[in-house]
Amino acid sequence: MLTKKEKVHKMVYVIFISLLLDLFAFTMILPLLPSLLDHYKINDSKGWYNWLSSQIHEFQILVGAPEEYNSVLFGGFLGSLFSFLQFLAAPICGGLSDIIGRKTVMVICLVGISLSYILWALSKNLLIFILARFLGGISKGNVSLSMAIITDVSSINTRGKGMEKRAKDVKVTVKNMLSLINVKSLFDFTAVTGLPRDEQKKLKTLGFLYFVYLLIYSGLEFTLTFLTHHRFNYTAMQQGWMFFVIGLTMSVIQGIYVRRIHPSKIKSIAIKGLWLIIPSFICVGIAFEFFVLYLGLLLFAISTAMVVPSIMTMASEYGTEQQKGTVMGIFRSLGALARAIGPILASVAFWSVGSKITYLTGAVFLIWPAVTLKRIR
Numbered sequence: 077m078l079t080k081k082e083k084v085h086k087m088v089y090v091i092f093i094s095l096l097l098d099l100f101a102f103t104m105i106l107p108l109l110p111s112l113l114d115h116y117k118i119n120d121s122k123g124w125y126n127w128l129s130s131q132i133h134e135f136q137i138l139v140g141a142p143e144e145y146n147s148v149l150f151g152g153f154l155g156s157l158f159s160f161l162q163f164l165a166a167p168i169c170g171g172l173s174d175i176i177g178r179k180t181v182m183v184i185c186l187v188g189i190s191l192s193y194i195l196w197a198l199s200k201n202l203l204i205f206i207l208a209r210f211l212g213g214i215s216k217g218n219v220s221l222s223m224a225i226i227t228d229v230s231s232i233n234t235r236g237k238g239m240e241k242r243a244k245d246v247k248v249t250v251k252n253m254l255s256l257i258n259v260k261s262l263f264d265f266t267a268v269t270g271l272p273r274d275e276q277k278k279l280k281t282l283g284f285l286y287f288v289y290l291l292i293y294s295g296l297e298f299t300l301t302f303l304t305h306h307r308f309n310y311t312a313m314q315q316g317w318m319f320f321v322i323g324l325t326m327s328v329i330q331g332i333y334v335r336r337i338h339p340s341k342i343k344s345i346a347i348k349g350l351w352l353i354i355p356s357f358i359c360v361g362i363a364f365e366f367f368v369l370y371l372g373l374l375l376f377a378i379s380t381a382m383v384v385p386s387i388m389t390m391a392s393e394y395g396t397e398q399q400k401g402t403v404m405g406i407f408r409s410l411g412a413l414a415r416a417i418g419p420i421l422a423s424v425a426f427w428s429v430g431s432k433i434t435y436l437t438g439a440v441f442l443i444w445p446a447v448t449l450k451r452i453r
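Note that the sequence shown ends on residue 453 in our numbering; no numbers are left out.
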């Protein structure tokens, strides 16, 4: 028994380290994006920046946004492209992991992510940078797979057991994966079969709640660098330190507090985190002093560390052992779809009505997920 426990502990640590590194790498682009766009605007000899800028310029005229903020909508386009690819890839990776195994698909995802960062580092024009983001987006099934792996190794009934692979299971799983290209099928969780009607309804509610939360959250998170740049004159380096503090706080909260929470209290932690995100965005929206800004950012980091892991843990309780990868993949796709829409919506709102109204409105809309989650029994 001791040997099995040691193996479980090693797996959890490996997953934690990989997610931590991926978190730092993923957030790296946020403070650098304005500078990257300035760089490619000057140095892109292929003309891709000017072409895409003209497309965004037309859209900007349509919504009435100021011309000097073309880069904001351009950044929103890149962020949405990355997340849209995640939306397509996550359920496929989750379903494949149920067929050929979690580790195999995880290795493929990690190799793809690593290659995308290498390509980004070597990119000398905007097209190569976009290709790097494309490769990174289609490889981002690792987070949902990590949750599924932790669920597997944490279950006494599944330790040391291999997954049975039969032609019939492969056919059904592939069919379910392809059905998730349909957005309605995604929200209906049609790929998850055999659940009681009441459980299916709870899963659908939890999925829609997760989508609404991330839709608002991701949009406001994306515009944070532009808020600090214009309101506080932050440089890319200062924004980098800001996100470093946020990421470090999240890691500490997750490592010391969230991971020690008893499973019976996970829902309570998620609800507290959802209520905590509301004052965090209010503080950021009204902040004209550093104290108020960082108070909001502290609440933001604590809430983020609590909400997503807790909801994903709740989601992992649904479905059979062979379907957990599919369930987690669907939730990852819902998150990717929300992140594909959120940045564009928030960017348009930010420069149309201003940052204060955008953040306060987002805070008000976030009341619904907190209230709804509390009603799920």
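C-beta atoms are modelled at their ideal positions from N, C-alpha and C, and glycine is treated no differently.
Q) Relative to the C-alpha of residue 189, which residue among 209, 177, 389, 179 is closest? A) Cα-wise, what sits closest to residue 189 is 209.
**Q.** Proximity winner among 104, 219, 273, relative to residue 196 (alpha-carbon distances)
**A.** Out of 104, 219, 273, 104 has the C-alpha closest to the C-alpha of residue 196.
Q. Is there contact here, the segment 287-296 with the segment 439-452, by at least three beta-carbon pairs under 8 Å?
A. Under the Cβ criterion (8 Å, minimum of three pairs), the segment 287-296 counts as touching the segment 439-452.
Q | Whether residue 221 touches residue 156 by CB criterion (8 Å) | A | Taking the C-beta atoms as reference points, residue 156 is found no nearer than 8 Å to residue 221.
Q) Is the beta carbon of residue 161 sitting closer than 8 Å to the one on residue 94? A) No, these two residues do not count as a Cβ contact at 8 Å.
Q. Residue 361 and residue 431 look like a contact to me (Cβ under 8 Å); what is the Cβ gap, rounded to whole Å?
A. For residue 361 against residue 431, the beta-carbon gap comes to about 7 Å, under 8 Å, which counts as contact.
Q) What are the boundary residues of the alpha helix (DSSP H) that residue 439 is part of? A) Segment 431-441, the alpha helix (DSSP H) holding residue 439.
Q) Could you give the residue range of the alpha helix (DSSP H) that holds residue 341? A) Counting along the chain, residue 341 falls outside any alpha helix (DSSP H), and DSSP gives it neither H nor E.
Q: Provide the residue span of the alpha helix (DSSP H) that contains residue 321, from first to last.
A: Where residue 321 is concerned, the enclosing alpha helix (DSSP H) stretches over 312-328.
Q. Do you know offhand how far residue 91's Cα is from residue 133's?
A. Between residue 91 and residue 133, the C-alpha separation is close to 42 Å.
Q: My understanding is that residue 167 touches residue 405, with C-beta atoms under 8 Å, so please give their C-beta distance in whole angstroms.
A: Confirmed, Cβ separation roughly 4 Å.
Q: Specify the secondary structure class of residue 336 as computed by DSSP and reduced to three states.
A: Residue 336: helix per DSSP, three-state reduction.
Q) In this structure, does DSSP put residue 83 in helix, strand or coil? A) Note on residue 83: pLDDT 49, under 50, position unreliable in the model; the coordinate value appears next. Residue 83: helix per DSSP, three-state reduction.
Q: Could you have a look at residue 417 and say whether DSSP puts it in helix, strand or coil?
A: Correct three-state label for residue 417: helix.
Q.
Since residue 306 and residue 110 should fall inside the 8 Å C-beta cutoff, what is the C-beta to C-beta distance between them, to a whole number of angstroms?
A. Contact doesn't hold; Cβ gap of about 10 Å is too wide.
(Q) Buried or exposed, going by whether 16 or more other CB atoms sit within 10 Å of the CB of residue 429? (A) Residue environment for residue 429: exposed (fewer than 16 other C-beta atoms within 10 angstroms of its C-beta).
**Q.** Exposed unless 16 or more other CB atoms sit within 10 angstroms - verdict on residue 454
**A.** Since the first and last residues shown for the chain are 77 and 453, residue 454 lies out of range.
Q. Do the segment 348-358 and the segment 417-427 meet, that is, are 3 or more Cβ pairs less than 8 Å apart?
A. At 8 Å Cβ cutoff, the stretches do not touch.
Q. Helix, strand or coil: how does DSSP classify residue 424 here?
A. Annotated three-state conformation of residue 424 is helix, per DSSP.
Q: Return the CA-CA distance between residue 237 and residue 341, expressed in angstroms with no decimal places.
A: Since pLDDT at residue 237 reaches only 40, below the 50 mark, its modelled position is unreliable, and the value read off the structure follows with that caveat. Rounded to the nearest whole angstrom, the C-alpha separation of residue 237 and residue 341 is 28 Å.
Q: If I'm right that residue 408 touches residue 170 with Cβ under 8 Å, what's the distance once you round it to whole angstroms?
A: Contact flag correct, Cβ pair sits at about 7 Å.
Q.
According to DSSP, is residue 380 part of a helix, a strand, or is it coil?
A. Of the three classes helix, strand and coil, the one that applies to residue 380 here is helix, per DSSP.
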